[in-house]
Amino acid sequence: INPNTIAKINFGVCLKPASDYRFVPTAVGVQMSLVNVLQDTIEKYEAIDGNWQNYDVSEDYGEARKVRLARAEPLAVRLSNLFDMDAMADVGNIIQLVPNVEFYFAQFWDDQGRKAIGVAKSPQFKAHLGAQGRIWKWQDDVLSIVEGNVFRIERFFDAVITSEAVYMSKPRAVEAIADIVSEVANTAAAKIDIIEAGVTFLDLSRIKADIGSHPRMARLAAAIAKRDDLADISQDRLGALCLQQGIGLKEIGGKLQPVRRSEYALLEALDHRRYTTQLTVADPLAFRASGRQRVEK
Numbered sequence: 003i004n005p006n007t008i009a010k011i012n013f014g015v016c017l018k019p020a021s022d023y024r025f026v027p028t029a030v031g032v033q034m035s036l037v038n039v040l041q042d043t044i045e046k047y048e049a050i051d052g053n054w055q056n057y058d059v060s061e062d063y064g065e066a067r068k069v070r071l072a073r074a075e076p077l078a079v080r081l082s083n084l085f086d087m088d089a090m091a092d093v094g095n096i097i098q099l100v101p102n103v104e105f106y107f108a109q110f111w112d113d114q115g116r117k118a119i120g121v122a123k124s125p126q127f128k129a130h131l132g133a134q135g136r137i138w139k140w141q142d143d144v145l146s147i148v149e150g151n152v153f154r155i156e157r158f159f160d161a162v163i164t165s166e167a168v169y170m171s172k173p174r175a176v177e178a179i180a181d182i183v184s185e186v187a188n189t190a191a192a193k194i195d196i197i198e199a200g201v202t203f204l205d206l207s208r209i210k211a212d213i214g215s216h217p218r219m220a221r222l223a224a225a226i227a228k229r230d231d232l233a234d235i236s237q238d239r240l241g242a243l244c245l246q247q248g249i250g251l252k253e254i255g256g257k258l259q260p261v262r263r264s265e266y267a268l269l270e271a272l273d274h275r276r277y278t279t280q281l282t283v284a285d286p287l288a289f290r291a292s293g294r295q296r297v298e299k
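Numbering-wise (this note's numbering), the sequence shown opens with residue 3 and increments by one.
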């Protein structure tokens, strides 16, 4: 979408607890400020070094990165449905409903009919409503109070949704909007089944029993289950890595099972988050990486 040729804008909110989407009537000046937020967000993305990376649910995102989540991915279903939604009722009285606002969004269409949606959590949007009498403006060389109810939007959208993907630079903020944590927890046991079907020499039954209550383990399982090379994982190579990393394994019924307190570490190993280096003649050093980026050679 071209932010310089925006032809139509809608502003709306998502209300808790039932994800009730409503349009909020806006004046032209408000719509132009939303275009500025879209432009600033795009420029922010363009200023980040590197290429766009596919979203990794197990990644510990720290610094800003260019991250995209394809709309076809199951984790994008909530935001994808929002993109496809055009018919919504207008909100009756936004003042009364502000405490229930989960996030806000703006729909944009450019002069070629291309559509994008910017979404953002709403801490500032809600916080300023109770600030009557404490927000001032400088006008005619005098500080004066801004009368009435005041709203404030963020400088950037947390994500921009297009027809192909969800684009973001701080995935953790978007995960709350997309309800990714709940989706990952609800499907965690099924992901363990996928891993076991691929890595047939592993017995992860004890992990499966309560993984839904362990968010970090559930994230790792979701990421591992997406791998297309699970059947190629070598028992000898995985065993050697676990030995270097101090990850305990035991054989039960002809399959390897992590010992107590090694379950999480084993999932990290399967998700390329355990590695060793040996730059001297000394013994190899073992490391774990909660955040990592693949190096393209």
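We treat Cβ as the ideally placed atom computed from N, Cα and C, and that holds for glycine. Model, not experiment: these values are computed from the prediction.
Look up residue 278 in the DSSP assignment and say whether it is helix, strand or coil.
Locating residue 278 in the sequence shown gives position 276, counting from the first residue. Three-state result, residue 278: strand.
What are the start and end residues of the alpha helix (DSSP H) that includes residue 85?
As a working mapping, residue 85 is identified with position 83 in the sequence shown. Residues 79-86.
What residue range is occupied by the uninterrupted alpha helix (DSSP H) comprising residue 185?
As a first step, residue 185 must be located in the sequence shown, where it is residue number 183. Residue 185 -> alpha helix (DSSP H) spans 182-200.
Do residue 70 and residue 211 count as a contact pair if the criterion is CB distance below 9 angstroms?
Walking along the sequence shown from the start, residue 211 turns up at place 209. Walking along the sequence shown from the start, residue 70 turns up at place 68. Result no, Cβ atoms of residue 211 and residue 70 do not sit closer than 9 angstroms.
Going by alpha carbons, who is nearest to residue 191 out of 208, 175 and 203?
In the sequence shown, the residue the question calls residue 191 occupies position 189. Out of 208, 175 and 203, 208 has the C-alpha closest to the C-alpha of residue 191.
Have a look at the DSSP bridge pairing and note the partners of residue 14.
Numbered from its first residue, the sequence shown carries residue 14 at position 12. Residue 14 is bridged to 25 and 107.
For the beta strand (DSSP E) containing residue 98, name the first residue and the last one.
On the sequence shown, residue 98 is found 96 positions in, with the first residue counted as 1. It is not in any beta strand (DSSP E) - residue 98 instead sits in the alpha helix (DSSP H) that spans 96-99.
Any idea which residues DSSP pairs residue 260 with across the strands?
Locating residue 260 in the sequence shown gives position 258, where the first residue counts as 1. Paired residue(s): 251.
Is residue 2 helix, strand or coil when you go by DSSP?
Residue 2 is absent from the structure shown; the chain starts at 3 and stops at 299.
Taking its Cβ as the centre, do 16 or more other Cβ atoms sit within 10 Å of residue 158, making it buried, or is it exposed?
Numbered from 1 along the sequence shown, position 156 holds the residue referred to as residue 158. Counting Cβ neighbours within 10 Å, residue 158 comes out buried, since at least 16 surround it.
Does residue 90 come out as helix, strand or coil in the three-state DSSP assignment?
As a working note, residue 90 is residue 88 in the sequence shown. Looking at residue 90 - three-state DSSP - the assignment turns out to be coil, as it is neither helix nor strand.
Is it buried or exposed, residue 171, if we count other Cβ atoms within 10 angstroms and call 16 or more buried?
Residue numbering aside, residue 171 sits at position 169 when the sequence shown is read from its first letter. It is buried - the Cβ of residue 171 has at least 16 other Cβ atoms within 10 Å.
Short of 6 angstroms in beta carbon distance, which residues of its chain neighbour residue 107, apart from the five on each side in sequence? Order them along the chain.
Your numbering for residue 107 matches position 105 in the sequence shown. The answer, listed in chain order, is 14, 119 and 121.
To the nearest angstrom, how far is it from the Cα of residue 180 to the Cα of residue 91?
If you number the sequence shown from 1, residue 180 lands on position 178. If you number the sequence shown from 1, residue 91 lands on position 89. Approximately 21 angstroms, taken between the alpha carbons.
Helix, strand or coil for residue 241 per DSSP?
For the purposes of this step, residue 241 is taken as residue 239 along the sequence shown, with counting starting at 1. The answer is helix: DSSP assigns residue 241 an H, G or I state.
DSSP on residue 112, reduced to helix/strand/coil?
In the sequence shown, counting from the first residue as 1, residue 112 sits at position 110. In the structure shown, residue 112 sits in a strand (DSSP, three-state: E or B).
Hey, residue 50 and residue 29: beta-carbon distance below 9 angstroms or not?
Translated into the one-based positions of the sequence shown, residue 50 becomes position 48. Translated into the one-based positions of the sequence shown, residue 29 becomes position 27. No, they are not a contact pair.
Alpha carbon to alpha carbon, how far is residue 279 from residue 269?
Stepping through the sequence shown from its first residue, residue 279 is reached at position 277. Stepping through the sequence shown from its first residue, residue 269 is reached at position 267. Their Cα atoms are separated by approximately 20 angstroms.
By the three-class DSSP mapping on this structure, what secondary structure does residue 57 have?
To locate residue 57, count along the sequence shown from 1; it is residue 55. If DSSP states are grouped into helix, strand and coil, residue 57 belongs with coil.
Return the residue from the list 58, 240 and 24 that minimises the CA-CA distance to residue 88.
Residue numbering aside, residue 88 sits at position 86 when the sequence shown is read from its first letter. Among 58, 240 and 24, the Cα nearest to that of residue 88 is on 24.
Return the bridge partner residues of residue 287 from the DSSP annotation.
Against the sequence shown, residue 287 aligns to sequence position 285. Bridge partners of residue 287: 279.
Please return the same chain residues whose Cβ sits closer than 7 angstroms to the Cβ of residue 99, not counting the five positions on each side in sequence.
One-based indexing of the sequence shown puts residue 99 at position 97. Excluding residues within five positions, the ones whose Cβ falls inside 7 angstroms are 17 and 93.
Going by the DSSP bridge assignment, what does residue 299 pair with across the sheet?
To locate residue 299, count along the sequence shown from 1; it is residue 297. DSSP, once it has assigned bridges, lists no residue as partnering residue 299.
Taking its Cβ as the centre, do 16 or more other Cβ atoms sit within 10 Å of residue 145, making it buried, or is it exposed?
In the sequence shown, the residue the question calls residue 145 occupies position 143. With fewer than 16 other Cβ atoms within 10 Å, it is exposed.
Check each candidate in 229, 288 and 10 and name the one with the smallest Cα separation from residue 245.
Mapped onto the sequence shown, residue 245 falls at position 243. Closest by alpha carbon: 288.
Specify the secondary structure class of residue 226 as computed by DSSP and reduced to three states.
As a working note, residue 226 is residue 224 in the sequence shown. Three-state result, residue 226: helix.
Going straight from the alpha carbon of residue 41 to that of residue 196, what length do you get?
For the purposes of this step, residue 41 is taken as residue 39 along the sequence shown, with counting starting at 1. For the purposes of this step, residue 196 is taken as residue 194 along the sequence shown, with counting starting at 1. For residue 41 and residue 196, the distance between alpha carbons rounds to 42 angstroms.
How should residue 114 be labelled, buried or exposed, when 16 other C-beta atoms within 10 angstroms of its C-beta is the threshold for buried?
Counted from its first residue, the sequence shown places residue 114 at position 112. When all chains shown are included, residue 114 counts as exposed.
Evaluate residue 185 with the Cβ neighbour count: other Cβ atoms within 10 Å of its Cβ, from every protein chain shown; 16 or more gives buried, anything less gives exposed.
Mapped onto the sequence shown, residue 185 falls at position 183. Buried, by the Cβ-count rule.
Within the same chain, show all residues whose beta-carbon is closer than 6 angstroms to that of residue 163, passing over the 5 residues directly before and after it, in chain order.
Taking the sequence shown and counting its residues from 1, one reaches residue 163 at position 161. Excluding sequence neighbours, residue 163 sits near 81, 85 and 119.
Give a yes or no on whether the C-beta atoms belonging to residue 273 and residue 242 are separated by under 9 angstroms.
Taking the sequence shown and counting its residues from 1, the one referred to as residue 273 is at position 271. Taking the sequence shown and counting its residues from 1, the one referred to as residue 242 is at position 240. In this structure, residue 242 does not lie closer than 9 angstroms to residue 273 by Cβ.
Mapping the DSSP letters down to three states, classify residue 122 as helix, strand or coil.
If you number the sequence shown from 1, residue 122 lands on position 120. Strand.
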